[in-house]
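Reading the sequence shown from the start, the letters are residues 1075 to 1355 in my numbering. Glycine residues also receive a C-beta, built at the ideal position from the N, C-alpha and C atoms. Beneath this line is the structure, given in structure tokens, with notes to follow.
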Amino acid sequence: MKLNFTKMQGAGNDFVVINGIERPFTLDATQIRRLADRHFGVGADQLLVVEKPTIEGVDFRYRIFNADGGEVEHCGNGARCFVKFVRDRGLTDQFRVRVQVWHGVLTLTMRADGDVEVEMGVPAFEPVEIPFDAEGLASRSEASDTLWPLDVAGATTWVSVVSMGNPHAVQVVADTEKAPVSHDGPLIESHSRFRQRVNAGFMQVLGRQEINLRVYERGAGETLACGTGACAAVVAGIRRGLLDSPVRVHTHGGDLTISWEGGQVTMAGPATTVFEGSIEV
């Protein structure tokens, strides 16, 4: 089967985007892994699918598949690329669209400056909402946040647990460039306390409104940027009394701006089309 696709990226987080309205999406996990493979396929952190919604009051359905073939709940950088894709393809002429995702609805806005603003939803912090198994753990409070101890390679790592519709464990580090992301990231991602696995965030606070961030993503490994990870890190930093909204987040792939005043989290950043093509799958 010949599959048409568009390659896009948001702050270096790269995607293969499929028009599932034009042709029903039928790829299985093996085909998705092949497509995302950087040697044998197109190469991507995630595959994004545009479909007709299955609920009323929204414009599109937005589905996300990680490079390992598994479908996941949310991807903020992908959401920015999503609205650019549907506008560029003539699927809508609106600057503001509402899309159905696994756990709710997102509002995406194409701004006059070319950046895209995404209403990312309201974060959740209760262990059951992450989900996170906190049984038997002695937490500690820091400002309005709760930190949880994780045994990572025999050492205790204190993390904030946040759900942005998908699970995140955020820790503060002295220097993101020296943080053991490649070693500790996969250990945290697959930690037994997170039954659905977790995205592991490593945050360096540079000032009250500026951080560096690296994220080891569930099912994708370390990526150049992670939109929901940026949101989770900023929310955790504000709750810990370390940050004030809005916060500029520096990632290896570029900068994002995250705003949070206690309700809806808003993210703004770029979305770029890289190329279009077709591939046999």
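Exercise. S1234: which of A1141, F1276, T1331, L1122 sits nearest, CA to CA?
Worked result: It is F1276 whose Cα lies nearest to the Cα of S1234.
For this session: Label I1129 either buried or exposed according to how many other C-beta atoms from any shown protein chain fall within 10 Å of its C-beta, with 16 as the threshold for buried.
Result: Around the beta carbon of I1129, fewer than 16 other beta carbons lie within 10 angstroms, which makes this residue exposed.
For this session: Would you tell me roughly how many angstroms separate the C-alpha atoms of T1220 and S1213, rounded to the nearest one?
Result: Roughly 7 Å separates the two Cα atoms.
Problem set entry | Short Cβ contact (8 Å threshold) for Q1120 with A1153 | Their beta carbons are not under 8 Å apart, which means Q1120 does not touch A1153 by this criterion.
For this session: Could you check which residue in N1078, D1167, P1197, G1195 has the C-alpha nearest to that of M1184?
Result: Measuring C-alpha to C-alpha distances from M1184 to each of N1078, D1167, P1197, G1195 identifies D1167 as the nearest.
For this session: Return the Cβ separation of G1336 and A1217 in integer angstroms, given the expectation that the two are a contact with Cβ distance under 8 Å.
Result: With a Cβ gap of about 13 Å, G1336 and A1217 do not count as contacting.
For this session: Quick one: using the 10 Å Cβ neighbour count with 16 as the cut-off for buried, is G1188 buried or exposed?
Result: Looking at its Cβ environment, which holds fewer than 16 other Cβ atoms inside 10 Å, G1188 is exposed.
Exercise. Quick one, which of P1201, S1319, V1255 has its alpha-carbon nearest P1241's?
Worked result: Of the candidates P1201, S1319, V1255, the one whose C-alpha sits nearest the C-alpha of P1241 is P1201.
Problem set entry | Cut-off 6 Å between Cβ atoms - residues of its own chain near D1207, not counting five sequence neighbours on either side | Counting only Cβ-Cβ distances below 6 Å, and skipping sequence neighbours, we find R1267.
For this session: Label W1232 either buried or exposed according to how many other C-beta atoms from any shown protein chain fall within 10 Å of its C-beta, with 16 as the threshold for buried.
Result: Residue environment analysis places W1232 among the exposed positions, since fewer than 16 neighbouring C-beta atoms fall within 10 angstroms of its C-beta.
Exercise. Quick one, are the C-beta atoms of V1355 and M1075 less than 8 Å apart?
Worked result: Yes, Cβ-Cβ distance for V1355 and M1075 is below 8 Å.
For this session: Evaluate T1104 with the Cβ neighbour count: other Cβ atoms within 10 Å of its Cβ, from every protein chain shown; 16 or more gives buried, anything less gives exposed.
Result: Per the 10 Å Cβ criterion, exposed.
Problem set entry | Range covered by the beta strand (DSSP E) that runs through G1259 | Taken as a continuous stretch (DSSP letters only), G1259 belongs to no beta strand (DSSP E), being part of the alpha helix (DSSP H) at 1255-1263.
Problem set entry | V1247 versus L1287: straight-line alpha-carbon distance, rounded | Cα to Cα, V1247 sits roughly 10 Å from L1287.
Exercise. Are N1273 and V1289 touching if we call contact CB-CB under 8 Å?
Worked result: In this structure, V1289 lies closer than 8 Å to N1273 by Cβ.
Problem set entry | Inter-residue spacing [alpha-carbon to alpha-carbon] between G1150 and V1192 | A straight-line Cα-Cα distance of about 7 Å links G1150 and V1192.
Exercise. Short check: CB of L1101 to CB of I1353, under 8 Å?
Worked result: No; because the gap between Cβ atoms is not below 8 Å, this pair is not in contact.
Exercise. Nearest to G1351 by CA position, among G1086, G1084, V1090, is which residue?
Worked result: Residue nearest to G1351 within the set G1086, G1084, V1090 is V1090 (criterion: CA-CA distance).
For this session: List the endpoints of the continuous alpha helix (DSSP H) containing A1110.
Result: That run of the alpha helix (DSSP H) goes 1103-1110.
Exercise. When the distance is taken between beta carbons, is D1162 closer than 8 Å to T1347?
Worked result: The beta carbons of T1347 and D1162 sit closer together than 8 Å.
Exercise. Helix or strand or just coil, what does DSSP make of I1312?
Worked result: It is helical.
Exercise. What whole-angstrom Cβ distance do A1085 and G1295 have, given they're in contact under 8 Å?
Worked result: With 8 Å as the limit, A1085 and G1295 do not qualify as a contact, their Cβ atoms being about 16 Å apart.
Exercise. So which of A1342, Q1338, A1310 has the shortest CA-CA distance to R1322?
Worked result: Checking every option, the nearest Cα to that of R1322 belongs to A1342.
For this session: Apply the 10 Å Cβ neighbour rule to Q1338 and answer buried if 16 or more other Cβ atoms are within range, or exposed otherwise.
Result: Of the other Cβ atoms in all chains shown, fewer than 16 fall within 10 Å of the Cβ of Q1338; this residue is therefore exposed.
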